[in-house]
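Below you'll find the structure, written out as structure tokens, and then a few comments.
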Amino acid sequence: MAILTAAGGALILTVGVLALYHDLTGEVSAAITTELRIRADDVAHDVEVPGVVRARPVIAQVLTTTGETLFPPGAEPLLTAKEVAAATRHQLVVDGPIPGVGTHARLLARPVRTGRYGPVVVAAATTTEPLERARDRLRLILGVAGPALIATTALVAWLLARAALRPVRRMARDAATISLHERGRRLPEPPGRDEIAELGITLNQMLSRIEASIAHERAFIDDASHELRSPIAVARGELELAAQDLRDPVDLDAARAGVDSALEETNRLARITEDLLTLARVDAGQLPPGTAACDLLSAARAAADRLPGAAGIEVRGAPVTVQADPIWIDRIFTNLITNAAHYARHRILVEVTRRDGLAVLVVADDGPGFPDLLLPRAFDRFVRGDGGRGARGGTGLGLAIVASLAGALGGQARATNGPPLGGARVEVILPAAG
Amino acid sequence: MTQPEPSEASAAAGDARRVLVVDDDAKLATILVLALQRAGYDARAVESGDQALWAILTHQPDALVLDVVIPHPSGVEVCRHLRAHGWTGGIVMISARSNPDDRSTAIRAGADTFLAKPFGLTDLIAAVGTLLTDPPGPPGAAPPSR
Numbered sequence: 117m118a119i120l121t122a123a124g125g126a127l128i129l130t131v132g133v134l135a136l137y138h139d140l141t142g143e144v145s146a147a148i149t150t151e152l153r154i155r156a157d158d159v160a161h162d163v164e165v166p167g168v169v170r171a172r173p174v175i176a177q178v179l180t181t182t183g184e185t186l187f188p189p190g191a192e193p194l195l196t197a198k199e200v201a202a203a204t205r206h207q208l209v210v211d212g213p214i215p216g217v218g219t220h221a222r223l224l225a226r227p228v229r230t231g232r233y234g235p236v237v238v239a240a241a242t243t244t245e246p247l248e249r250a251r252d253r254l255r256l257i258l259g260v261a262g263p264a265l266i267a268t269t270a271l272v273a274w275l276l277a278r279a280a281l282r283p284v285r286r287m288a289r290d291a292a293t294i295s296l297h298e299r300g301r302r303l304p305e306p307p308g309r310d311e312i313a314e315l316g317i318t319l320n321q322m323l324s325r326i327e328a329s330i331a332h333e334r335a336f337i338d339d340a341s342h343e344l345r346s347p348i349a350v351a352r353g354e355l356e357l358a359a360q361d362l363r364d365p366v367d368l369d370a371a372r373a374g375v376d377s378a379l380e381e382t383n384r385l386a387r388i389t390e391d392l393l394t395l396a397r398v399d400a401g402q403l404p405p406g407t408a409a410c411d412l413l414s415a416a417r418a419a420a421d422r423l424p425g426a427a428g429i430e431v432r433g434a435p436v437t438v439q440a441d442p443i444w445i446d447r448i449f450t451n452l453i454t455n456a457a458h459y460a461r462h463r464i465l466v467e468v469t470r471r472d473g474l475a476v477l478v479v480a481d482d483g484p485g486f487p488d489l490l491l492p493r494a495f496d497r498f499v500r501g502d503g504g505r506g507a508r509g510g511t512g513l514g515l516a517i518v519a520s521l522a523g524a525l526g527g528q529a530r531a532t533n534g535p536p537l538g539g540a541r542v543e544v545i546l547p548a549a550g
Numbered sequence: 566m567t568q569p570e571p572s573e574a575s576a577a578a579g580d581a582r583r584v585l586v587v588d589d590d591a592k593l594a595t596i597l598v599l600a601l602q603r604a605g606y607d608a609r610a611v612e613s614g615d616q617a618l619w620a621i622l623t624h625q626p627d628a629l630v631l632d633v634v635i636p637h638p639s640g641v642e643v644c645r646h647l648r649a650h651g652w653t654g655g656i657v658m659i660s661a662r663s664n665p666d667d668r669s670t671a672i673r674a675g676a677d678t679f680l681a682k683p684f685g686l687t688d689l690i691a692a693v694g695t696l697l698t699d700p701p702g703p704p705g706a707a708p709p710s711r
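So the sequences go chain by chain: A and B.
Per the numbering used here, the very first residue in the first sequence carries number 117; after that it's consecutive.
Per the numbering used here, the very first residue in the second sequence carries number 566; after that it's consecutive.
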């Protein structure tokens, strides 16, 4: 970056120096031409006045259109026949050696119509030695001082750029050593409010977000590990005790009870595993695309009918269709109704309505509702309202799956307490079809 | 406080070493207590750190089987508190989490040993036995039943 800055500065200075050289020499050259033109005009005027042709300090001639010298009479023409022919049509400027003028000279010739001699060619010539000397001097100065100036400019630009980028280098050095296992470590933020300070702040904010995400993932792994290992620990313990019960003295009833308990834990482990796999598939975007038009009211009734004690579940509303895999819709209803059944005292309400082009599913119960502290985390994984980790009611993943599926289907889930039954209320909103 | 009935053998032997199991997983706690009772210990279980601290005062166990993740205070906090107040009983810390820091945290808090779930009941009995040098209950007694 510093090298680019230095190179850019050197390039700009070089272009500037060349432009200055071109401009200066061009100005001087134009001034010479202007002077010649003025003198040519003077000569043209003097041609009308007999005996007077003033040309000092410029050498001037008046020629006929055939190339003969009118003034001064008998002088060697300054122009060749070809140049005379050109000058009868337009103004002509020629640079080069001119006899009587010098090695570096400029001649200007232009056509003039006079009263006395008719059409003539007026030529004026002057030396351009001053111009050449100026050019040489400028070339010498720029040739010697220019590179030194350009090099100095490049060096200063490089040093300034390095100084300006020092905070960025420091940030890069620290960033290379930051490990995400070092919680709370951040990059040094330069003082001030410029772009580099803003970069430091932005990078530290990004580190905070990454750290939070990693902490969230670690917490999930810890929770998942606990939830998976606990039933395994219980099943193993039960089977070890049952094995003891089958040794002398044999206690078949105790052994049988132990095996039944181990089987129950194995089933629970299977449910947790299946739920985790479902969440993993949804998170990975492996949810099958909408393959069918699902009538939510029918799906709600089917899920409610499968639940033992379905008599206490009221399903009402209007047919509303969504485009989704029927398996996932059934999973949403099953999880919501199962969760409600776990807490309801007497009643569960399942309602399906359409509102503003959206399908709205509501499952409510008359139980105690979500604990206040739990409500903001109702859809988090492994969160239970029934006593936490020790309870063996659900897997703690039912509502998390509902929220993930709703999100994958383009909708969302929301949990509240209160109406219509005074207990928990979970609402799922999905895009309606048609 | 949930607990299986103390075994006849351990109850009869008044000098049976007392072990307190602290785990909010009621089913697992029951299994661990039963296994300890069959090994001749006077074992009972509680579900939380608060209950554990109270039970230590009232029942004066010789050793704890202490889960890391329990309702307030946590197993590590209970361990740290006990050691800070000079409690010298044996502590076997148990955990079902996959956090690799749990073992070192538990040992730094004062636990004598750490077992990761799922562990074998024989491993638990061996760990408790190592901490309690006196032999467990009288030989030949019938093992406690469920």
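Backbone N, C-alpha and C fix where the C-beta goes; we use that ideal spot for every residue, glycine too.
In this text, all values refer to a predicted model and were calculated from it rather than measured experimentally.
For LEU315/A, the closest of MET287/A, ALA328/A, GLY300/A by C-alpha to C-alpha distance is MET287/A. Counting the other CB atoms within 10 Å of its CB gives GLY485/A a total of 16 or more, which places it among the buried residues. Between CYS410/A and ILE445/A, the gap from beta carbon to beta carbon is short of 8 angstroms.
When only Cα atoms are considered, VAL398/A and SER520/A end up about 7 angstroms apart. Taking a cut-off of 8 angstroms for Cβ pairs, the stretch 486 to 500 of chain A and the stretch 432 to 448 of chain A do not touch, as fewer than three such pairs fall below it.
Your pair VAL587/B and LEU631/B checks out as a contact, with CB atoms roughly 5 angstroms apart and the cut at 8 angstroms. Neighbourhood of ALA600/B in chain A, by CB distance below 8 angstroms: GLY353, GLU356, LEU357, in chain order. In the three-state DSSP reduction, LEU223/A falls in the strand class (E or B). Counting the other CB atoms within 10 Å of its CB gives VAL272/A a total below 16, which places it among the exposed residues. For ARG345/A, at least one C-beta of chain B is nearer than 8 angstroms to its own C-beta. Within chain B, the C-beta atoms nearer than 7 angstroms to that of ASP338/A come from ARG662, SER663, ASN664, in chain order.
In this structure, DSSP gives SER660/B an extended state, which the three-state scheme calls strand. VAL544/A and ARG461/A have their alpha carbons spaced roughly 22 angstroms apart. Residue burial is scored here from C-beta neighbours: TRP619/B has fewer than 16 other C-beta atoms within 10 angstroms and is therefore classed as exposed.
For ARG255/A, the enclosing alpha helix (DSSP H) covers residues 245 to 293. Take VAL438/A, set aside five residues on each side of it, and the residues of its chain with a beta-carbon closer than 8 angstroms to its own are GLY406, ALA409, CYS410, LEU412, ILE445, ALA475, LEU525, LEU546, PRO547, ALA548, ALA549, in chain order. Pairing ALA522/A with GLN528/A, the inter-Cα distance amounts to about 5 angstroms. Linking LEU275/A to VAL518/A through their CA atoms gives a straight-line distance of about 60 angstroms. Across the structure, ARG583/B and GLN321/A are spaced so that their CA atoms are roughly 53 angstroms apart. At a cut-off of 8 angstroms, the C-beta of ARG603/B has a neighbouring C-beta in chain A. At the C-beta level, LEU194/A and ALA126/A stay beyond 8 angstroms of one another. Between the stretch 239 to 254 of chain A and the stretch 175 to 183 of chain A there are three or more inter-stretch CB-CB distances shorter than 8 angstroms, so the stretches are counted as touching. The Cβ of ASP590/B sits closer than 8 angstroms to at least one Cβ of chain A.
Interface with chain B (8 angstroms Cβ-Cβ cutoff): SER341/A is included. The C-alpha of ILE596/B lies about 20 angstroms from the C-alpha of LEU697/B. Interface annotation for the stretch 277 to 300 of chain A against chain B: empty, criterion Cβ-Cβ distance under 8 angstroms. A distance below 8 angstroms separates the beta carbons of ALA416/A and VAL468/A. For PRO213/A, the secondary structure class from DSSP, reduced to helix, strand or coil, is strand. Separation of LEU140/A and PRO227/A (C-alpha to C-alpha, rounded to the nearest whole angstrom) is 30 angstroms. With respect to VAL633/B, ALA608/B sits apart: the two C-beta atoms are not nearer than 8 angstroms. DSSP places GLU543/A in the uninterrupted beta strand (DSSP E) bounded by 540 to 547.
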